[in-house]
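First up is the structure itself, then whatever we jot down about it.
There are 2 protein chains.
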Amino acid sequence: MNEDELLASALAPRTVAVIGASESIHKIGGRPIHYMRQNGFAGRIYPVNPTRTELQGLACYPSLDALPEVPELALVIVSGEKAVETVEDCARRGVKAAIVIASGFGEAGAEGRALQDRMRDAARAAGMRLYGPNTQGLANFGNGAIASFSTMFTEVPPGDGPVAVVSQSGGMSAMAYGLLRGRGIGVRHVHATGNEADVTVADMAWAVAHDPGVKLLLLYLETIADPALLARTAAYARERGLPIVAVKAGRSASGAKAASSHTGSLANEDRTVDAFLRHHGIWRVRDVHAQALAAEAYLAGWRPEGRRLVIISNSGASCVMGADASEDHGLPLAELAPATCAAVAARLPGFATATNPIDITAALLSNSGLFGDVLPAVADDPAADLFFIHIPVAGTGYDVEAFARDTAAFAARTGKPVAVSAWQESVAAPFKRLGVPTFVNENDALGVLAQLAGHTALLQRPPAAWEHSSREPVVALPDGPPGFLNEADSLAALGGWGVPVVPFRLCRSADEARAAFAALGVARVVVKACSRDVPHKSEHGLVALGITSADAAAQEFERQWQQLAAMGVAQEGVVVAAMHRGRHECLVGARHDPVFGPVVVVGAGGRDVEAVQDVAVLLPPFDRAAVREALAGLRMAPYLQGVRGDPALDVDALADVAITVGRAMVAAGGRIASLDANPVMLGAAGEGALVVDALIERA
Amino acid sequence: MNEDELLASALAPRTVAVIGASESIHKIGGRPIHYMRQNGFAGRIYPVNPTRTELQGLACYPSLDALPEVPELALVIVSGEKAVETVEDCARRGVKAAIVIASGFGEAGAEGRALQDRMRDAARAAGMRLYGPNTQGLANFGNGAIASFSTMFTEVPPGDGPVAVVSQSGGMSAMAYGLLRGRGIGVRHVHATGNEADVTVADMAWAVAHDPGVKLLLLYLETIADPALLARTAAYARERGLPIVAVKAGRSASGAKAASSHTGSLANEDRTVDAFLRHHGIWRVRDVHAQALAAEAYLAGWRPEGRRLVIISNSGASCVMGADASEDHGLPLAELAPATCAAVAARLPGFATATNPIDITAALLSNSGLFGDVLPAVADDPAADLFFIHIPVAGTGYDVEAFARDTAAFAARTGKPVAVSAWQESVAAPFKRLGVPTFVNENDALGVLAQLAGHTALLQRPPAAWEHSSREPVVALPDGPPGFLNEADSLAALGGWGVPVVPFRLCRSADEARAAFAALGVARVVVKACSRDVPHKSEHGLVALGITSADAAAQEFERQWQQLAAMGVAQEGVVVAAMHRGRHECLVGARHDPVFGPVVVVGAGGRDVEAVQDVAVLLPPFDRAAVREALAGLRMAPYLQGVRGDPALDVDALADVAITVGRAMVAAGGRIASLDANPVMLGAAGEGALVVDALIERA
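Going down the list, the protein sequences come from chains A and B.
Be aware that the first sequence starts at 178, since it is given in this note's numbering, and climbs by one per residue.
Be aware that the second sequence starts at 178, since it is given in this note's numbering, and climbs by one per residue.
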């Protein structure tokens, strides 16, 4: 079944059977029927319940085979073994899509998982799509197809509109719906996927992204089950200008554990999730509240050109707090042109502040025109990308309606984003009525402006691609069982892909070590035992630094060779390598993630990487610019630019190592489980990068 | 005038003159009179306005000297030069306290500053206290003394209660008042200090802390002008169990700049502010919203014994989000006893989760008793310090009243903090009515629980004191002008205080350098030029490491000596010091802050301290435990415990260096402007710490 059919049979069915239907609109089996009729569903509804012949005014049928036609969509209200049988029955009869509401399957242990697998297998064998189990269902307010039992549609009246919510959790989908409707925003799609035995959030996201009425897509995920389809959806959405904002819960260890008992979700490594979402232009926020909070700003269609902020307030303290918060959110205060400041000053009382932040002071109380005077004076300053208006005190005596009108007109004229903060509902209401995004505090307001600016910049970047000058290496690994390659093989593999590696010789006798010293032709060498069984050599005293003579190299060979023998591990040789010190020790690592595929990390290297934990995650493909951007967020970033008069480091060379490793991981197609190049000695700009130790793990 | 009189004359005046009084209750000169009469002020009010004989039904007087008595408090509504004259007049006539509302003084440049100083001088000469200028005034709802023009007291009806708000900013005081009243919390004091020409936030905090009706004190500061009095207030408040929660704005560079044009505030170094507030048990939050948010939890009087959290929700996703948020806030999930889990499981449907987080599932809809069943089952588990109840979906069909009753009863019985999250007002309302702290999302709820746990722990610590075994050193510095001491003098000073410093000799000839090498009796020495004019030697190539012979030391002496000559700087000698490597390079620094006095920093050392920026701030007095706690928050913390099998480091030795430096800074009484001991080579536990370079700046 292709995606269009998915859309049609579940989101716009012509016929819906409700199996386990109820007369009571307060029951799970009754509510969906009530909702469909209430919201103008034009298709045919078939209640199925052997105890009744009529239900909510509709003819009721004793069983699926008693229906006058095979329904396109079946909403399965019954539970346990009965649900499984019903799904099997639906599949057999040619139903296109079945939604299973009941819990107690994949999230509840091995037995439930087996039942769930049976449902899924039956559906797949018949080409039927299965939604859930353990789901609240699907709701499309565009056509009234509400195959959902959410009580929230009673609590907060529906209103069709531009937002789509797709969520693993029914609770979170209901909450998003309620929060959005509470802000007066129209919501078309509210779909929950539950345990995702078959259909995942990615499937539903793909489907609703193709609804041209959808202008903002909100996702709630506990696991990313189908990253490829989610990536494809993100690419499509980006092309048609549809922003996607996601919550991915289970960020923490205890959260991931809780997710597994909620929807049976697998844990995703959270930094990889971050990198994945960012890579595909999906903005990640903390929770559903944050999704709802930013909705108006997205729906306004603003695409800010930068992050420079202008703050205007009638309270000096709010100017101070706003300036603090702007720094928290990485929004620099716009440096207004002298002409702008002069124009503002001409409109303000003498003791007010005409620079940014602009403090129009409590004088606003006696002169309600101040607001409308000041806004046009700053509107055209090219330094201003974003506007924040903070009114912590107003009410009786203030012409708030005029402030709101002036603000809305200003936003409409400039096309620049404006956010207002006003905690008093009486002050906020006029702004909200005119569609100006309005928040209770500056932190929320500036958070949304920062999100809008950041997400816009992310979406305006060219699609991710490999650095144009890079080439995919041919990855040939020595044959063998899963496990580590020894250092010599690991370095050789990297070298073979074109990564600069330290000159070395693998020696199998003291004489070879002596000869290697001479052949390398350097003043100092490193001697390191080489065995696939000892991936971490220094912990066993099997690394000797700063060897300055052939004899010493030979001696060290003997010592290490004997130690390997004593340890009873594979004696594959001893590496004699040129000793090289860069200006900074970095690392490039990679692993093949079971969900996301190749994942590359780059950052601070050396022996203490675990303690330092200063690395960025990159997903293929990526280029030098992407590596630079990722590195810029690390604590080691100052070193890359040069500290205390040191020269800047050769970041491009480091990026090239990461890119080659990334391309090799892709080319390896899962044959490499993990890879560590650490340290990568990084020189000053132009001096390059050199891998001096490496460890490849064969899958 | 002592503090009691301050309290009496400004917060409980028997007579108030309003100079510049107005008939209109919508004007600044009219509103305070209206408020006092509305709020039952029992003292005498004297409107002063030469154009009227009667005003708001009160006799009105043409001038101050026409009044039948000298008023205790004068509220000065007139502005500019006229305000200054009025203050001078009040001072002359024996008024006890004058509040100046007008802006355009210290915050508006040199001219305004001069006017402000005139007012302050006149007040001080006469023993009158001056409030403002540039203030909204004072309001005491305990007795109706409302010498404030805030419109907020009209917007949100007053209600006396346990909270006091003291703020530099009128806007922020009004906002705190409004937010608290909006939550139904009683507010007694709302005082704004404006430009603080005389009376500061610390004065007012001291005064209201002595009001026994006050149970929670909220401060808004843009500068800490009188840290000594604030510290004294904090100590007093702690003794009587009064928590203080502060906002200190101007955290950022641009925020500090904005503060200076708002109330003419001086910038405080923000990390020092953090350390100061923490040192004195004052909890710092981001903004006034955060102050209001935590109020109910403080007023409940809970004093949690720990941070272990139990999460209960009717939504699995909320359990996941709650677990994530608990990790964000450092609240570990309580490990419930097997008996507790069994008791919970017995009450839940089979597919629900009986471990923490406890997912009571949507079954709550069909069984409203679940809540009341589950709570008692966990109440007595000793592992549970804090409870979080998250209801993201409820409404019609749910017995929310019963949930709220069960929760309130549970909180009352256990005395353990409970926070509820419910974004639907209909769900939140019953909880709020019963006084259960209720929030719109889990982040707010857990933030407040974490604050309560953290603040309680902070207040239960023994008062800060010097490590009992430490002694105050005798600080003798060589005489001289302000500026740097050379390294030898700096090391000698530290050594004199009892800090372990590296063995060294100050040499003035090559022969002395040769002799020093022999005398030190070590294999490797460091040779460093010594000149007060070259505080940063390595930048000039004036440090030679790893010198292994007397001849080489002599040679290096010659080179450095000549280079000092070539640079035309003071040739005070060349230091020959034993070369010492610890396991980790740390730093101990100190400076004499113009506001806070001695400030000590401790953290990661080495040549890149500026780039690394990994230090903690400590204010005297402090002990080893305080240093340990401060270090535990640094990125270098893993090294202190030992990484990759390394031994733990001698943190006590590092702490002792910091303590001695701190005591020396105090003993120096401002004679030392700054001090840097960097690096401090730190060995494994028992190996000690050794200062190998130091730089003292004479004030």
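C-beta: ideal position from N, C-alpha, C; glycine also.
For this session: Could you have a look at PHE218 (chain A) and say whether DSSP puts it in helix, strand or coil?
Result: Residue 218 (chain A) sits at position 41 when you count from the first residue of the first sequence. Of the three classes helix, strand and coil, the one that applies to PHE218 (chain A) here is coil, per DSSP.
For this session: Please compile the residues from chain A whose C-beta is within a distance smaller than 7 Å of the C-beta of SER429 (chain B).
Result: Locating residue 429 (chain B) in the second sequence gives position 252, counting from the first residue. Result: ALA500, ASP501 and GLU504.
Exercise. So is GLY355 (chain B) in contact with chain E if we call contact Cβ pairs under 8 Å?
Worked result: The structure shown has no chain E; the protein chains it does contain are A and B.
Exercise. Which of the three DSSP states, helix, strand or coil, is assigned to GLU762 (chain B)?
Worked result: Reading the second sequence from its first residue, position 585 is the one you call residue 762 (chain B). Strand, per DSSP.
Exercise. Out of A:ASP800, A:THR192 and A:ARG358, which has the shortest C-alpha to C-alpha gap to ALA879 (chain A)?
Worked result: Chain A is shown only over 178 to 876; residue 879 (chain A) falls outside these bounds and no answer can be derived.
Exercise. Quick one, which of B:SER503, B:ALA830, B:ALA793 and B:LEU826 has its alpha-carbon nearest ARG159 (chain B)'s?
Worked result: Missing from the structure shown is residue 159 (chain B); chain B here goes from 178 to 876 and no further.
Exercise. Would you say ALA519 (chain A) faces chain B, with C-beta separation under 8 Å as the test?
Worked result: Residue mapping note: residue 519 (chain A) aligns to position 342 of the first sequence, counting from 1. By this cut-off, ALA519 (chain A) is not an interface position.
Problem set entry | When A:HIS713, A:MET305 and A:PRO481 are compared against HIS632 (chain A), the one with the closest alpha-carbon | Here the question's residue 632 (chain A) lines up with position 455 in the first sequence. Of the candidates A:HIS713, A:MET305 and A:PRO481, the one whose C-alpha sits nearest the C-alpha of HIS632 (chain A) is A:PRO481.
Exercise. Does the pairing of the segment 767 to 777 of chain A with the segment 848 to 856 of chain A give three or more beta-carbon distances under 8 Å?
Worked result: Enough Cβ pairs lie closer than 8 Å, so yes.
For this session: Residues of the segment 597 to 626 of chain B with a CB closer than 8 Å to any CB of chain A: list them in chain order, please.
Result: TRP600, GLN601, SER603, VAL617, ASN618, GLU619 and ASN620
Exercise. In this structure, does DSSP put TRP738 (chain B) in helix, strand or coil?
Worked result: Here residue 738 (chain B) refers to the residue found at position 561 when the second sequence is read from its first residue. Looking at TRP738 (chain B) - three-state DSSP - the assignment turns out to be helix.
For this session: Leaving out five residues on either side along the sequence, give the residues of the same chain with a beta carbon under 6 Å from the beta carbon of GLU644 (chain B).
Result: By 1-based counting over the second sequence, the position of residue 644 (chain B) is 467. Cβ neighbours of GLU644 (chain B) beyond the five flanking positions: ASP800, ARG801 and ILE836.
For this session: Could you pull the start and end residues of the beta strand (DSSP E) that CYS684 (chain B) belongs to?
Result: Against the second sequence, residue 684 (chain B) aligns to sequence position 507. Start and end: 681 to 684.
Exercise. Under a Cβ-count criterion, where at least 16 other Cβ atoms within 10 Å of its own Cβ denotes burial, should SER201 (chain B) be classed as buried or exposed?
Worked result: As a working mapping, residue 201 (chain B) is identified with position 24 in the second sequence. So SER201 (chain B) ends up on the exposed side.
Problem set entry | Interface flag, MET349 (chain A) vs chain B, CB-CB below 8 Å | Along the first sequence, one-based indexing puts residue 349 (chain A) at 172. Judged by the 8 Å Cβ criterion, MET349 (chain A) is in contact with chain B.
Problem set entry | Any chain A beta carbon closer than 8 Å to PRO815 (chain B) | If you number the second sequence from 1, residue 815 (chain B) lands on position 638. For PRO815 (chain B), the answer is yes, since a Cβ of chain A falls inside 8 Å of its Cβ.
For this session: Would you please verify whether the beta carbon of PRO569 (chain B) is less than 8 Å from any beta carbon of chain A?
Result: Taking the first residue of the second sequence as position 1, residue 569 (chain B) is located at position 392. Closer than 8 Å to some Cβ of chain A, the Cβ of PRO569 (chain B) qualifies, so yes.
Problem set entry | Cα-Cα separation between GLU689 (chain A) and ASP827 (chain A), rounded to whole angstroms | For the purposes of this step, residue 689 (chain A) is identified with residue 512 of the first sequence, where counting begins at 1. For the purposes of this step, residue 827 (chain A) is identified with residue 650 of the first sequence, where counting begins at 1. Those two C-alpha atoms are separated by around 35 Å.
Exercise. Excluding five sequence neighbours on each side, which residues of the same chain lie with their C-beta closer than 7 Å to the C-beta of ARG297 (chain A)?
Worked result: The residue labelled residue 297 (chain A) in the question sits at position 120 within the first sequence. Closer than 7 Å at Cβ, skipping near neighbours: LEU307, ALA374 and ASP375.
Problem set entry | chain A within 8 Å of CYS496 (chain B), Cβ atoms only | Mapped onto the second sequence, residue 496 (chain B) falls at position 319. Yes, its Cβ sits closer than 8 Å to a Cβ of chain A.
Exercise. Going by the beta-carbon positions, is the gap between SER327 (chain A) and ALA353 (chain A) smaller than 8 Å?
Worked result: Counting from one through the first sequence, the residue named residue 327 (chain A) turns up at place 150. Counting from one through the first sequence, the residue named residue 353 (chain A) turns up at place 176. Cβ atoms of SER327 (chain A) and ALA353 (chain A): not closer than 8 Å.
For this session: Just the C-alpha distance for MET178 (chain A) and GLU332 (chain A), rounded to the nearest angstrom, thanks.
Result: One-based indexing of the first sequence puts residue 178 (chain A) at position 1. One-based indexing of the first sequence puts residue 332 (chain A) at position 155. Low per-residue confidence applies at MET178 (chain A): pLDDT is 45, beneath 50, and the placement is therefore not dependable, though the value from the model is reported in the following sentence. If I take the Cα positions, the gap works out to 36 Å.
Exercise. Closer than 7 Å, Cβ to any Cβ of chain A: which residues of the segment 360 to 379 of chain B, in chain order?
Worked result: Along the segment 360 to 379 of chain B, none of the residues has a CB nearer than 7 Å to a CB of chain A.
Problem set entry | Within-8 Å CB hit, ARG821 (chain A) to chain B | For this step, residue 821 (chain A) is matched to residue 644 along the first sequence. The beta carbon of ARG821 (chain A) falls within 8 Å of a beta carbon belonging to chain B, placing the residue at that interface.
For this session: Decide if GLY750 (chain B) is buried, meaning its Cβ has at least 16 other Cβ atoms within 10 Å, or exposed.
Result: Start at 1 with the first residue of the second sequence, and residue 750 (chain B) comes out as number 573. Buried: at least 16 other Cβ atoms inside 10 Å.
For this session: Using DSSP bridges, identify the partner residues of ASN317 (chain B).
Result: Within the second sequence, numbered from 1, the residue matching residue 317 (chain B) stands at position 140. B:ALA322 and B:HIS366, per the DSSP bridge assignment.
Problem set entry | 7 Å Cβ shell around ALA832 (chain A) - same chain, five flanking residues per side excluded | For the purposes of this step, residue 832 (chain A) is taken as the residue at position 655 of the first sequence. Closer than 7 Å at the Cβ level, and outside the excluded window around ALA832 (chain A), lie ARG801, VAL804 and ARG805.
Problem set entry | CB contact check: GLY432 (chain B) to chain A, cutoff 8 Å | For the purposes of this step, residue 432 (chain B) is taken as the residue at position 255 of the second sequence. Judged by the 8 Å Cβ criterion, GLY432 (chain B) is in contact with chain A.
Exercise. Can the beta-carbon of ALA556 (chain B) be found less than 8 Å from the beta-carbon of ASN533 (chain B)?
Worked result: Here residue 556 (chain B) is taken as the residue at index 379 of the second sequence, counted from 1. Here residue 533 (chain B) is taken as the residue at index 356 of the second sequence, counted from 1. In this structure, ALA556 (chain B) keeps its C-beta atom at 8 Å or more from the C-beta atom of ASN533 (chain B).
Exercise. According to DSSP, what are the bridge partners of TYR413 (chain A)?
Worked result: Numbered from its first residue, the first sequence carries residue 413 (chain A) at position 236. TYR413 (chain A) is not bridged to any residue.
Exercise. Cα separation between ILE323 (chain B) and GLY309 (chain B)?
Worked result: The residue labelled residue 323 (chain B) in the question sits at position 146 within the second sequence. The residue labelled residue 309 (chain B) in the question sits at position 132 within the second sequence. When rounded, the distance between both Cα atoms is 15 Å.
For this session: Taking VAL521 (chain A) and GLY432 (chain B) to be in contact with their CB atoms under 8 Å, please state how far apart those CB atoms are, rounded to whole angstroms.
Result: In the first sequence, residue 521 (chain A) corresponds to position 344, counting from 1. In the second sequence, residue 432 (chain B) corresponds to position 255, counting from 1. Their Cβ separation, rounded to whole angstroms, is 20 Å, which puts VAL521 (chain A) and GLY432 (chain B) out of contact at 8 Å.
For this session: Using three-state DSSP, classify GLY723 (chain A) as helix, strand or coil.
Result: Position 546 of the first sequence holds residue 723 (chain A). The answer is strand: DSSP assigns GLY723 (chain A) an E or B state.
For this session: Assign SER280 (chain B) to buried or exposed, taking buried as 16 or more other Cβ atoms, counted over all protein chains shown, within 10 Å of its Cβ.
Result: Within the second sequence, residue 280 (chain B) is the residue found at index 103, counting from 1. In the assembly as shown, SER280 (chain B) is a buried residue. Its beta-carbon has 16 or more other beta-carbons within 10 Å.
Exercise. Where does the unbroken alpha helix (DSSP H) through LYS434 (chain A) begin, and where does it stop?
Worked result: Translated into the one-based positions of the first sequence, residue 434 (chain A) becomes position 257. Looking at the DSSP string, the run of the alpha helix (DSSP H) that includes LYS434 (chain A) is 430 to 439.
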